[in-house]
Amino acid sequence: VSSKPEREKLRWMAQFAEWTETDLIIKNDELLLAGYTSPGQESFLSGMKDQQPIKNTSFNITPFNVNLLLSLGFSDFPAWYSKAHSPEERKKLSADFNFEMDKLAEIISGEVTLVSNAERAGHFEGSTWILVQTSDQVKMAAYLRLIAENSGQSKVNNYNGYVLNYIKGKNLIPGLFGDAFGNFRVNYFTMVGD
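With positions in the sequence shown counted from 1, the corresponding number in the numbering used here is that position plus 2.
Laid out in structure tokens, this is it:
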């Protein structure tokens, strides 16, 4: 990945860990990376240090043709969110959406999973979504609707029986979950059951 736009998209990887040793296995239809990572002090992984393992259930609802999946498990998302984002960053995100994002962080629990079935880089935005587990689906829906209204949007679409709400603003997802989720420019949300 040597072109400048592609390097920018993967900038977050430089802060992922202090160093990583990776074995690369290339098969006809898949690319497998396996290895060992040392988190270091100021890396993304160091913020995961106090998190306990959780059961990953997002695989149960991802489609068969996924070619990129990043699943993060949080036993205590609010603690991670406070560590991963400085008070100034959290305050700015809250101001950008006229909503106290710490309240939203309080009800994010378990998994946050980035899923894409984009066939190439230019299709990433339209073929990628995030699954976020919540401890309170009613509050989450209300908070997200309020954030949508505060962002100046009340646009609602229906797709396959699901109501899709639009949130205007490009820094919501990386502001909550970090730079690994930084390519999102358009934010729609819907609620699905467990």
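Even for Gly, the Cβ is constructed at its ideal location relative to N, Cα and C.
Beta-carbon gap between residue i and residue j smaller than 8 angstroms
{"i": "Phe220", "j": "Gly49", "result": "Given a span of 3 to 196 for the chain in the structure shown, any question on residue 220 remains unanswerable."}
{"i": "Val117", "j": "Thr130", "result": "yes"}
{"i": "Asn173", "j": "Leu95", "result": "yes"}
{"i": "Ala97", "j": "Gly180", "result": "no"}
DSSP-derived helix/strand/coil call for residue i
{"i": "Gln135", "result": "strand"}
{"i": "Asp104", "result": "helix"}
{"i": "Phe191", "result": "strand"}
{"i": "Ile56", "result": "coil"}
{"i": "Ile175", "result": "helix"}
{"i": "Val3", "result": "In this prediction, Val3 has a pLDDT of 47, which is less than 50 and means its spatial position is unreliable; what the coordinates show is noted afterwards. Three-state result, Val3: coil."}
Rounded C-alpha distance that separates residue i from residue j
{"i": "Ala107", "j": "Ser137", "result": "10 angstroms"}
{"i": "Tyr190", "j": "Leu133", "result": "12 angstroms"}
{"i": "Pro55", "j": "Leu146", "result": "27 angstroms"}
{"i": "Thr59", "j": "Phe66", "result": "15 angstroms"}
{"i": "Gln139", "j": "Met193", "result": "8 angstroms"}
For residue i: DSSP bridge partner residues
{"i": "Ile63", "result": "None, per the DSSP bridge assignment."}
{"i": "Ser73", "result": "Thr115"}
{"i": "Leu166", "result": "Asn159"}
{"i": "Ile2", "result": "Absent from the model: residue 2. The displayed extent of the chain is 3 to 196, so no value can be given."}
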